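Novice: Protein chains in written order, with the working numbering: chain Y, 5 to 261; chain R, 2 to 385; chain W, 349 to 543. Positions of the beta carbon are idealized from the N, C-alpha and C atoms, including for glycine. Since the structure is predicted, the reported quantities are computational estimates derived from the model, not experimental observations.
1) Cβ of residue 396 (chain W) less than 8 Å from any chain R Cβ?
2) In whole angstroms, what is the alpha-carbon distance linking residue 69 (chain R) and residue 39 (chain R)?
3) Once DSSP output is grouped into helix, strand and coil, what is the label at residue 367 (chain R)?
4) Less than 8 Å separating the beta-carbons of residue 124 (chain Y) and residue 104 (chain Y)?
5) Taking residue 121 (chain R) as the query, report the chain Y residues whose CB atoms sit under 7 Å from its CB, ordered along the chain.
6) Below 7 Å between beta carbons is the criterion; list the residues of the region 193-214 of chain R that meet it against any residue of chain W, in chain order.
7) If we cut at 8 Å on Cβ distances, does residue 482 (chain W) have a partner in chain R?
8) Does DSSP classify residue 138 (chain R) as helix, strand or coil?
9) With three or more beta-carbon pairs closer than 8 Å as the criterion, would you say the region 194-213 of chain R touches the region 382-397 of chain W?
10) Using Cβ-Cβ distances below 8 Å, what residues of the region 70-86 of chain R are close to chain Y?
11) Using a Cβ-Cβ cut-off of 8 Å, state whether residue 387 (chain W) counts as contacting chain R.
12) Is there a Cβ from chain A that is less than 8 Å from the Cβ of residue 112 (chain Y)?
13) Can you tell me where the beta strand (DSSP E) holding residue 484 (chain W) begins and where it ends?
14) Out of R:117, R:221, R:346, state which residue places its alpha-carbon closest to the alpha-carbon of residue 316 (chain R).
15) Tell me which residues share the same chain as residue 380 (chain R) and place their Cβ nearer than 7 Å to its Cβ, disregarding the 5 neighbours each side in the sequence.
16) Are the Cβ atoms of residue 487 (chain W) and residue 465 (chain W) separated by less than 8 Å?
17) Of all Cβ atoms in chain R, is any one closer than 8 Å to the Cβ of residue 52 (chain Y)?
18) Please specify which runs of the beta strand (DSSP E), each continuous and at least 3 residues long, are wholly inside the region 388-419 of chain W, giving them in chain order.
19) Spatial neighbours of residue 362 (chain R) within its chain, please: CB distance less than 8 Å, with the 5 preceding and 5 following residues excluded, ordered by chain position.
20) Residues of the region 168-181 of chain Y in Cβ contact with chain R at a cutoff of 7 Å, in chain order, please.
21) Tell me the rounded alpha-carbon separation between residue 26 (chain R) and residue 25 (chain Y).
22) Are the Cβ atoms of residue 35 (chain R) and residue 91 (chain Y) separated by less than 8 Å?
23) Could you tell me which chain R residues have their CB closer than 8 Å to the CB of residue 399 (chain W), listed as they occur along the chain?
24) Is there at least one Cβ from chain W nearer than 8 Å to residue 369 (chain R)'s Cβ?
25) Spell out a yes or no on whether the region 248-261 of chain R and the region 182-198 of chain R are touching, meaning 3 or more CB-CB pairs, one atom from each, closer than 8 Å.
26) Going along chain R, which residues have a C-beta under 7 Å from residue 408 (chain W)?
27) Using C-beta distances below 7 Å, list every residue in its chain close to residue 146 (chain Y), excluding the 5 sequence neighbours before and after it, in chain order.
28) According to DSSP, is residue 218 (chain R) part of a helix, a strand, or is it coil?
29) Can you check whether the C-beta of residue 216 (chain Y) is within less than 8 Å of a C-beta belonging to chain R?
30) Determine which residues share a DSSP beta bridge with residue 462 (chain W) and list them.
31) If you scan the region 50-122 of chain Y from start to end, which runs of the alpha helix (DSSP H) of 4 or more residues do you find wholly inside it?
32) At the 8 Å Cβ level, is residue 355 (chain W) part of the contact set with chain R, yes or no?
33) For residue 236 (chain R), which option in R:226, R:334, R:277 has the closest C-alpha, if you only look at C-alpha atoms?
34) Note down, in chain order, every chain Y residue with its Cβ under 8 Å from the Cβ of residue 117 (chain R).
35) Just the chain W side, please: which residues come within less than 9 Å of residue 294 (chain R) by C-beta, in chain order?
36) Can you look up residue 82 (chain R) in the DSSP assignment and give me helix, strand or coil?
Now the structure itself:
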């Protein structure tokens, strides 16, 4: 009797991800986070009722990469746009995908107020401490001493201000149902990041209110490093300044996976 | 700690006597009632099937958000006081993208803040209605009636190669009617429609008849382009980014074709006593109300004067004004700004007859007497 | 419903709490009920408790053009500051109704007519200080009957029924009716000063 060997796929592209080539630089972690978002959308069967909101910044073309309906927002306004969608169509699932300049600089007001309103939306926040698309300028999350094109001698608090810890800032509000900071530096952390995104999405599905996952990410191009060095630099410099943990977990979210 | 509801509602004392109030189930229909302009336009939106309003307080339009806050919950609609005008217009953007009939209102400085969002709405081909109850400017200016946002309203306002369709009511009844129509136009042309009033139109009370028939939002056709869940279809994308120049131009030409269509179908003007007029007043909104009184007074003094009143400011009634210029000896433009509207009148007239300007600024309302005196000077000059 | 041809511009001014806006509303509602054209417009100013407040009302038998009142036919002045502010906003042959409880009559009368009404005293006498505005209205309507006094009573009834949720103000109807009558009687007794 011949042994029949059946082929089975062990790894495939998530269905919620369009089969297109992404525009991100080699070594950029946006691709990983896009994949995590898509995997969670698949697992929670969200693609047919999800509306994603893309930012201005490196992820500006994110609307090309997900199979769900997508809206491109003005710079920093994604939480307001998502609010508009969610308020008129509470049955839809609405998430934004934003970078640090978009969310924490020009859009900080929209972010804080969406959080304070306990707006029932989910935010994936990419913090790579630099403006990528515009050429490597200082971000609101650029670390002290860090060299960017607009802090060529290193960020000095006196002249250029201090970095903003978004999760800690929002944790002071009553609105958020879920706040967590994760990183995508190694496989274990990538799995943890996916759990964070999953919880942020579930918070909305359960109607618990505002949820945000801050993903510490690398920008090898603007940091001027090789991808592996960038991952090491993130661990060494960003993680101490931006501690990885859950800041707010709504009671109703505990125990869910 | 919490103020009683009575304390809160007493601030709208002025609005309650003649119009509705918290205890009134619904606005009386089919009969003359007194209503404030700001409340009439809000009721018009609800009657047009609009179930979402996002706004931020600013005088002199505060009765608009107040009205929606009271009445949207009764009809299952959304009222949200946004953290800023910027946020409000972007909430409108999101709601419009999701296919809803949606509105925001503000006054001059707040409309300036919304311009970024209006540009995105236009480029993303999203319908919405925006009301500007204009006040004196520039800068913080004041809260008196003005028409100084004319350029901003009809020439684009924000960045880029777009227009907003602009309607200019002159009474509380028209504020109601044109706001309702604005929703139909917005959907027809997939473009923001701006309704412009001023502090006087917004805050004054006049008799108005609210019609019986209203639009049931459930009866509105589904918008196939809306981002409302890619169920059983390929995804929709609402976007204004086109990196390739030829792609963006293609979109802009498509949008521009709609403006050309609107220019054919949506030009609206009203005329008063132009049949035998030797001289014409051209004015819109509150300035036209002043001008119609001036027309009557000037007629009593033996001057053959009439009034042409653009109701649509964009598309502009250039053809109507040009043919008027062929019939009269001279035109006097009356506007509550220092020479904005008159530019478009002069472009339309194209030298066919002299065009003079009577403009007041900073919230000063022209008096009928000033208009009559300016007319008389015009007559003397023309005859001299 | 409507009487003969007429066109009358009224400006009412005082300080917040004197019922200036309400008096204007009652007049506008009465005019509406009589089938008149009417425009009511408030003052434009920042919201402030006790601050200056005024409103204008145009009552007409035909379509109203300009909604802005620059020179009123009648001026109803509730306090001294308003007299200073608005005495120039009256037609030369206009009617000035003055709350003489709080304002002294101006020394020179020019060409206009003056009606002095001790509105606060009469209101106290009626046991409700709040009806000073309606007493002024009653006196004014006696001299310039732009609407019938009964129409104002109807407007009060409408306002009382609607103004506060869940609480009837019907009891205010009587005191307002009385206030209108007292104002009218005062106007008949004192008569006009001036031309």
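Specialist: Well, looking at it:
1) Output row for residue 396 (chain W): interface = no.
2) Taking C-alpha positions only, residue 69 (chain R) is separated from residue 39 (chain R) by approximately 11 Å.
3) In the structure shown, residue 367 (chain R) sits in coil (DSSP, three-state: anything other than H, G, I, E or B).
4) No, they are not a contact pair.
5) For a Cβ distance threshold of 7 Å, residue set 78 of chain Y lies close to residue 121 (chain R), ordered along the chain.
6) Listed by position along the chain: 200, 201, 204, 205, 206, 207, 208.
7) No, its Cβ sits nowhere closer than 8 Å to a Cβ of chain R.
8) Residue state, collapsed to three classes: coil.
9) Yes, the region 194-213 of chain R touches the region 382-397 of chain W.
10) Of all residues in the region 70-86 of chain R, only 79, 81, 83, 84, 85 come within less than 8 Å of chain Y when Cβ atoms are compared, listed by chain position.
11) Closer than 8 Å: yes.
12) Within the model displayed, chain A is absent; protein chains Y, R and W are what it includes.
13) Where residue 484 (chain W) is concerned, there is no enclosing beta strand (DSSP E), although the alpha helix (DSSP H) around it starts and stops at 480-491.
14) Check the Cα spacing between residue 316 (chain R) and each of R:117, R:221, R:346: the tightest is with R:346.
15) So the qualifying residues of the chain are 280, 304.
16) In this structure, residue 465 (chain W) lies closer than 8 Å to residue 487 (chain W) by Cβ.
17) Contact with chain R is found for residue 52 (chain Y), since one of that chain's Cβ atoms lies less than 8 Å from the residue's Cβ.
18) DSSP runs (the beta strand (DSSP E)) wholly in the region 388-419 of chain W: 400-408.
19) Cβ-Cβ distances below 8 Å link residue 362 (chain R) to 137, 147, 149, 337, 338, 339 in the same chain, with the five nearest sequence neighbours on each side left out; the list follows chain order.
20) Of all residues in the region 168-181 of chain Y, none has a Cβ within less than 7 Å of some Cβ in chain R.
21) Its pLDDT being 41, under 50, residue 26 (chain R) is placed unreliably in this model, and the coordinates cannot settle the point.
22) No; because the gap between Cβ atoms is not below 8 Å, this pair is not in contact.
23) The contact set of residue 399 (chain W) on chain R, defined by CB atoms closer than 8 Å, is empty, because the minimum CB distance reaches about 13 Å.
24) Yes, because at least one Cβ of chain W sits closer than 8 Å to the Cβ of residue 369 (chain R).
25) Contact between the region 248-261 of chain R and the region 182-198 of chain R is established, with three or more Cβ pairs separated by less than 8 Å.
26) Per Cβ cutoff of 7 Å: no residues; residue 408 (chain W) is ~11 Å from chain R at best.
27) The residues are 133, 134, 152, 155, 159, 167.
28) Reduced to three states, the DSSP call for residue 218 (chain R) is helix.
29) Judged by the 8 Å Cβ criterion, residue 216 (chain Y) is not in contact with chain R.
30) Looking at the DSSP output, residue 462 (chain W) sits in a beta bridge with W:444, W:541.
31) Assignment of alpha helix (DSSP H) within the region 50-122 of chain Y, counting only whole runs of 4 or more residues, yields 82-92, 112-120 in chain order.
32) No, no contact with chain R.
33) It is R:226 whose Cα lies nearest to the Cα of residue 236 (chain R).
34) Going along chain Y in sequence order, the residues near residue 117 (chain R) (Cβ under 8 Å) are 78.
35) 412, 413, 414, listed in chain order.
36) Reduced to three states, the DSSP call for residue 82 (chain R) is strand.
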